[in-house]
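Numbering (the numbering used here), first residue to last: 1 to 290.
Here's what the structure looks like:
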């Protein structure tokens, strides 16, 4: 596993800018309202790897009863690695590495003994996230050229390296990312754990008063349906639920409408405090209205 960088590896200015900075495609994609839908798509895609999903099901028992804290922590982690200083990002990664290195088991359907921090499992999670956030942002209407898309995938190699994947093993272009998924498809399956995760993401538990007295359930349901519809067709077939997804054209239209509505919300509702803190630290007040 690749070692984490240390403060001695960068200057104070590099620390302030973080690992990406305001000129990166990563900032554009991760600050866009489509990020929330892309994150759900990533979770649904990640669940199709039997061994990776076994790790989630086995070691995240509380997630089944109350998924919200884990979802919030995951979003905060990605925001910190993206928009935090390098010191903050490495601190967040070190916490995750510390948890992962203690966990391992045997996945029943494949018989594979694994550790949660096996590089191939970390790579799978990484590639699902990158593909989902990029695909969702482009379909939502964020203007990204083909060069921008390749640049985003290349920038995200740093994220994979931070969690412990050898840089040489990480797809660095859209074409390489597509090739990775093509190679992985024969080993994927919708195990019982994956189907449980699917149901939990689409219909998460909510307190009765939240379910019936607030718009939380229909709002979440709308995002979840979009995330399902944005999955590649081969992934929907694995879940045996292709008919529940919108057509590709309808999904794109609904996603674009969601993004436009979200862009009209107050800024605090569009982006997390971690994102705004990063923008203010690096780009200055002029960017705060973006």
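C-beta atoms are modelled at their ideal positions from N, C-alpha and C, and glycine is treated no differently. None of these values were measured; they are calculated from a predicted model.
Going by beta carbon distance, what residues of the same chain come within less than 7 Å of residue i, once the five residues before and after it are set aside?
i: residue 238; result: 48, 188, 189 and 190
i: residue 201; result: 40, 43, 44 and 224
Assign residue i to buried or exposed, taking buried as 16 or more other Cβ atoms, counted over all protein chains shown, within 10 Å of its Cβ.
i: residue 26; result: buried
i: residue 34; result: buried
i: residue 80; result: buried
i: residue 46; result: buried
i: residue 50; result: buried
i: residue 171; result: buried
i: residue 101; result: exposed
Relative to the alpha-carbon of residue i, which residue among the options has its alpha-carbon at the smallest distance?
i: residue 115; options: 183, 55 and 194; result: 55
i: residue 73; options: 57, 124 and 95; result: 95
i: residue 123; options: 79, 14 and 158; result: 158
i: residue 192; options: 235, 53, 105 and 16; result: 53
i: residue 185; options: 101, 234 and 141; result: 234
i: residue 182; options: 69, 131 and 139; result: 131
i: residue 144; options: 51, 104, 271 and 30; result: 30
i: residue 90; options: 112, 109 and 77; result: 77
i: residue 107; options: 58, 174, 120 and 203; result: 58
i: residue 119; options: 169, 260 and 196; result: 169
Tell me the DSSP bridge mates of residue i?
i: residue 105; result: 114
Enumerate in chain order the residues of its own chain whose CB-to-CB distance from residue i is below 8 Å, with the five nearest sequence positions on each side excluded.
i: residue 2; result: 161, 164, 165, 166 and 167
i: residue 286; result: Low confidence applies here, because residue 286 scores a pLDDT of 46, under 50, leaving its location unreliable and the question unanswered by this model.
Output needed for residue i: all residues of its chain with C-beta closer than 6 Å, excluding positions within five of it in sequence on either side, in chain order.
i: residue 180; result: 127 and 171
i: residue 197; result: 47
Are at least three pairs of beta-carbons, each pair with one atom in the region 266-279 and one in the region 82-99, less than 8 Å apart?
-> A contact exists between the region 266-279 and the region 82-99.
Three or more C-beta pairs closer than 8 Å, one from the region 132-143 and one from the region 9-18: is that the case here?
-> At 8 Å Cβ cutoff, the stretches do not touch.
Can you find at least 3 beta carbon pairs, one from the region 260-272 and one from the region 142-158, that sit closer than 8 Å?
-> They do not touch, by the three-pair rule.
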